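Novice: By the numbering used here, the letter at position 78 of the sequence shown is numbered 89, and the numbering carries on one by one without gaps. We put the beta carbon where it would ideally sit given N, CA and C, even for glycine. Keep in mind the model is a prediction, meaning the values are calculated, not measured.
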Amino acid sequence: MENRVFSRFNIYDQFGYLLVGGIALMCVAFDLLLLEKLDSTLATSVFSSKNFLVLFPLAYFVGHLVQAMANIVIKENKASFSDSEKKTLEEAKKYFEAGSRSLQEIYQLCYMLSFAKDITGQVQTFNAYYGLYRGWKIVFGLNSLFMLYLVARDWFSLLNISILAISIIMTWLIHKRSKRFYSYSRRKTLETFTILSKGKL
């Protein structure tokens, strides 16, 4: 049944919403365990396969909330392009006959074309991974703030300090990955456009 449900969702739904929401729910459950508001046996039963029909839409909903927060908190410099990217975008401007549009608008046209003609699936995949890591950055960032509160509340408990350190490191590593996949997504979009514009695909 799980396979039939997953097959109805595209890769961004699965990575950007479901996996983000799922990890967010697991973090909430873990934090409740630390607060002694949730029993470990109950937590295990909640996340069992029997509750799939409840957890699945809940994770999807939470994933949307996290991505909405990411849209507010995370601001990529979408108007900044390298010299090679600017050169490709100038060619795209001629291709689309859109001389009055900004480079950012031209890039969006390139993305739409590349996404529609994405035979290899790489444009969609890189964008989905970017959404995944961007969402996780919010989740672990919020978890780090929560752990900071617990550290102060429990008078610098060694366990809480260790979990805080791990959460901060995870946030930093995920931040680096999100930046990398943002770069991958942009580069693959323009590469795909170049191939399409030259009639090679």
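(1) Quick one: give me the first and last residue of the alpha helix (DSSP H) that residue 138 is part of.
(2) Could you check where the alpha helix (DSSP H) with residue 89 kicks off and where it finishes?
(3) If you draw a straight line from the C-alpha of residue 199 to the C-alpha of residue 165, how long is it?
(4) So what does DSSP say about residue 47, is it helix, strand or coil?
(5) State the start and end residues of the unbroken alpha helix (DSSP H) segment that holds residue 74.
(6) Going by DSSP in three states, residue 108 sits in which element: helix, strand or coil?
(7) For residue 120 and residue 155, I'd like the C-alpha separation in whole angstroms.
(8) For residue 160, count the other beta carbons within 10 Å of its own beta carbon; 16 or more makes it buried, fewer makes it exposed. Which is it?
(9) On a Cα-Cα basis, can you pick out the residue from 194, 33, 98, 88 that is closest to residue 72?
Specialist: Let me spell this out:
(1) Numbered from its first residue, the sequence shown carries residue 138 at position 127. Counting along the chain, the alpha helix (DSSP H) containing residue 138 begins and ends at 133-164.
(2) The sequence position of residue 89 within the sequence shown is 78, counting from 1. Per DSSP, residue 89 belongs to no alpha helix (DSSP H) and is neither H nor E.
(3) Translated into the one-based positions of the sequence shown, residue 199 becomes position 188. Translated into the one-based positions of the sequence shown, residue 165 becomes position 154. Each residue's Cα considered, the two are about 48 Å apart.
(4) In the sequence shown, the residue the question calls residue 47 occupies position 36. Coil at residue 47, not helix or strand.
(5) As a first step, residue 74 is located in the sequence shown; it is residue number 63 there, counting from the start. Per DSSP, residue 74 belongs to the alpha helix (DSSP H) from 63-84.
(6) As a first step, residue 108 is located in the sequence shown; it is residue number 97 there, counting from the start. Residue state, collapsed to three classes: coil.
(7) Position 109 of the sequence shown holds residue 120. Position 144 of the sequence shown holds residue 155. When the Cα atoms are used, residue 120 and residue 155 turn out to be separated by approximately 38 Å.
(8) Mapped onto the sequence shown, residue 160 falls at position 149. So residue 160 counts as exposed.
(9) The residue you call residue 72 lines up with position 61 of the sequence shown. Out of 194, 33, 98, 88, 33 has the C-alpha closest to the C-alpha of residue 72.
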